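**Student:**
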Amino acid sequence: MRSPHLLLACALVLAPIAGVPLSATETNTPTASGSGTVSPGTIKRPINNSVSHLAINSTQINETGIETVTLDVSGAVAFDGSTFRREQRFARFQAAQKNASDPQEVVDSELTWAENRTDKLRTRQREAIENYNDGTLSAQAFLRELAAISAEANQLSVFVEDVGKNSDRSLYIKSEIDPLTGTVQSIIGSALQGDSGAPNRFFVQTSEQGGVVLATVNDGQYIREVYLPEVRDAPTDNRSYSYLDALNVLNKSYISIDAFTNDVGQIKTHPDHHRFILSPPYGSVEIRSFVDRSSGEIFYERQNLSISDKRTIHGPQNTSGPFTLETNTTYTGGYMIVRVNDPETDAEPNGTITVDGETVGTTEDGELHMLQPPNGSTINATVDGETVSVTVGKPMGPPKSGLSVREEGQNKWQQLGNILF
Numbered sequence: 434m435r436s437p438h439l440l441l442a443c444a445l446v447l448a449p450i451a452g453v454p455l456s457a458t459e460t461n462t463p464t465a466s467g468s469g470t471v472s473p474g475t476i477k478r479p480i481n482n483s484v485s486h487l488a489i490n491s492t493q494i495n496e497t498g499i500e501t502v503t504l505d506v507s508g509a510v511a512f513d514g515s516t517f518r519r520e521q522r523f524a525r526f527q528a529a530q531k532n533a534s535d536p537q538e539v540v541d542s543e544l545t546w547a548e549n550r551t552d553k554l555r556t557r558q559r560e561a562i563e564n565y566n567d568g569t570l571s572a573q574a575f576l577r578e579l580a581a582i583s584a585e586a587n588q589l590s591v592f593v594e595d596v597g598k599n600s601d602r603s604l605y606i607k608s609e610i611d612p613l614t615g616t617v618q619s620i621i622g623s624a625l626q627g628d629s630g631a632p633n634r635f636f637v638q639t640s641e642q643g644g645v646v647l648a649t650v651n652d653g654q655y656i657r658e659v660y661l662p663e664v665r666d667a668p669t670d671n672r673s674y675s676y677l678d679a680l681n682v683l684n685k686s687y688i689s690i691d692a693f694t695n696d697v698g699q700i701k702t703h704p705d706h707h708r709f710i711l712s713p714p715y716g717s718v719e720i721r722s723f724v725d726r727s728s729g730e731i732f733y734e735r736q737n738l739s740i741s742d743k744r745t746i747h748g749p750q751n752t753s754g755p756f757t758l759e760t761n762t763t764y765t766g767g768y769m770i771v772r773v774n775d776p777e778t779d780a781e782p783n784g785t786i787t788v789d790g791e792t793v794g795t796t797e798d799g800e801l802h803m804l805q806p807p808n809g810s811t812i813n814a815t816v817d818g819e820t821v822s823v824t825v826g827k828p829m830g831p832p833k834s835g836l837s838v839r840e841e842g843q844n845k846w847q848q849l850g851n852i853l854f
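Position in the sequence shown (from 1) plus 433 gives the number in the numbering used here.
1) Comparing alpha-carbon positions, which option in 675, 688 and 774 lies nearest residue 726?
2) Do residue 555 and residue 473 have their C-beta atoms within less than 9 Å of each other?
3) Among residues of its own chain, excluding the 5 on either side of residue 528, which ones have a beta-carbon nearer than 8 Å to its beta-carbon?
4) Could you check what DSSP says for residue 794 in three-state terms: helix, strand or coil?
5) Is DSSP giving residue 536 helix, strand or coil here?
6) Would you say residue 620 and residue 656 are within 9 Å of each other, going by their C-beta atoms?
7) Tell me, please, which residues DSSP counts as bridged to residue 636.
8) Once the 5 residues before and after residue 687 are set aside, which same chain residues still bring their CB inside 6 Å of it?
9) Which term fits residue 748, buried or exposed, when burial requires 16 or more other beta carbons within 10 angstroms of its beta carbon?
10) Among residues of its own chain, excluding the 5 on either side of residue 759, which ones have a beta-carbon nearer than 6 Å to its beta-carbon?
11) Between which residues of its own chain and residue 819 is the CB-CB distance below 8 Å, once the five residues before and five after are set aside?
12) Under the three-state reduction of DSSP, which class applies to residue 506: helix, strand or coil?
13) If residue 682 sits next to residue 729, beta carbons under 8 Å apart, how far is it from one beta carbon to the other, in whole angstroms?
14) Alpha helix (DSSP H) containing residue 744: first to last residue?
15) What residues in its chain sit with their C-beta under 6 Å from that of residue 857, if we drop five residues either side in the sequence?
16) Between residue 581 and residue 768, what straight-line distance do the alpha-carbon atoms span, to the nearest angstrom?
17) According to DSSP, simplified to helix, strand and coil, what is residue 490?
18) With a CB to CB cut of under 6 Å and the five nearest residues on each side skipped, what residues in its chain are close to residue 778?
19) Spatial neighbours of residue 793 within its chain, please: C-beta separation below 8 Å, excluding the five flanking residues on both sides.
20) For residue 801, write down the residues that DSSP places opposite it in a beta bridge.
21) Is it right to say residue 505 is buried, meaning 16 or more other beta carbons lie within 10 angstroms of its own, or is it exposed?
22) Kindly give me the distance between the Cβ atoms of residue 487 and residue 645, rounded to whole angstroms, as I take these residues to be in contact under 8 Å.
23) Since residue 640 and residue 499 are thought to touch, with beta carbons under 8 Å apart, how far apart are those beta carbons, to the nearest angstrom?
24) Look at residue 784 and residue 799 and say whether their C-beta atoms are less than 9 Å apart.
25) DSSP on residue 827, reduced to helix/strand/coil?
26) Classify residue 677 as buried or exposed, calling it buried when 16 or more other Cβ atoms lie within 10 Å of its own Cβ.
27) Report back the beta-carbon spacing between residue 745 and residue 770 to the nearest angstrom; my notes put them in contact at under 8 Å.
28) Can you tell me whether residue 584 is helix, strand or coil according to DSSP?
29) To the nearest angstrom, report how far apart residue 572 and residue 558 are at their CA atoms.
30) In three-state DSSP terms, what is residue 551?
31) How should residue 790 be labelled, buried or exposed, when 16 other C-beta atoms within 10 angstroms of its C-beta is the threshold for buried?
32) Check residue 617 in the structure and name its three-state DSSP category.
33) Just how far apart, CA to CA, sit residue 643 and residue 598?
34) Is residue 817 helix, strand or coil when you go by DSSP?
35) Among 539, 568, 637 and 625, whose alpha-carbon lies nearest the alpha-carbon of residue 593?
36) Taking Cβ to Cβ, would you say residue 588 is nearer than 9 Å to residue 519?
Structure follows, in structure tokens:
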């Protein structure tokens, strides 16, 4: 296994700033880099938005897009097999330990196997990203491979916990496995197995160095995961970042944390990382960030956000015939709220929504949550044969308040000032 880097894993639950929408404009804060080289990651901080997010540095993005997955029988077999293999290996472990003169030797041997298996899964993921970048793997095959890796990693984590009984070594191994798992990969697996309730559209972005971003919208939640393994592979000054150093990294990265430092619910210290949970009232955002203690950079992030207008801006809208198509936007790969209504009757019909000709879904009570496509994409809403269109990135329509765009923007900045000061 590669030389261990100590980790600081921080789980953060943040509350949105009520009434303050997300601006389409973002500021970038490169993560720290002790090597003097360009950092693989950057913190995107949308103006007027309480939730920043880790992203691949724009100079290092290789592939990006929103991909649709379909039923894949071979993938389903692979996912089921990982559970079977874990159960079989644990049964053999129990038998060997029962008959061993030194049961701890059996435990140590199995944990060594788990360490080696983790390294192989990490290599397998890097190879999948390389093959996707060079076109050897299709998007469907790439996502299937990531889902299969995640499924095995999840089973491996369970195995380590069962064998190691929360020993220091087993906790360290589990912390190494964690970035190979993820909610988005699990959802991809469900979609590949034909689960009609699972979303089948995923934002995918990769870097040449093995970084990957995955995101989806599922049941009123926006879920986003970023893994930048190259952060941990980069040369460092071998500084061991302390608990306070990590807090400083997080405060610079997620500026809204300062407002909630008095709402710390619990702090847990593990052998190789600390976990911080901030639980302000009415929190609707959960962020888990991993800070590498050698480089001081964030190399892994999970976000789970409740979809809400509060973190959006009023995007492009258009009226054609009896229907109006409205959008509330965040950023490319973030979430978008699409609404269809009849201004004359206030009816909210169910319209079929397409993006550049591909069907995304149907509005329910006039509303659909979806991934935000790149600027320039055409969104169509069709109701009873009538179609209305907008282009992502075009100037926004008139605000619902009836104020001018400038007046509404000034009001929002005043709200932000009142909250912060």
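For glycine and all other residues, C-beta sits at the position ideal for the given N, C-alpha and C. Here the structure is a predicted model, which means the values were calculated and not measured.
**Tutor:** Result, derived from the coordinates:
1) 675
2) no
3) none
4) strand
5) helix
6) yes
7) 499 and 648
8) 485
9) buried
10) 750 and 772
11) 753, 754, 755 and 756
12) helix
13) 6 Å
14) Unbroken run through residue 744: none, as it is neither H nor E.
15) Here the chain comprises residues numbered 434 to 854, so residue 857 is not present and cannot be evaluated.
16) 26 Å
17) coil
18) none
19) 634, 786, 787, 801 and 803
20) 771
21) buried
22) Not confirmed; about 12 Å, so no contact.
23) Rounded, the Cβ-Cβ distance is 18 Å, inconsistent with contact.
24) yes
25) coil
26) exposed
27) 6 Å
28) helix
29) 14 Å
30) helix
31) exposed
32) helix
33) 32 Å
34) coil
35) 539
36) yes
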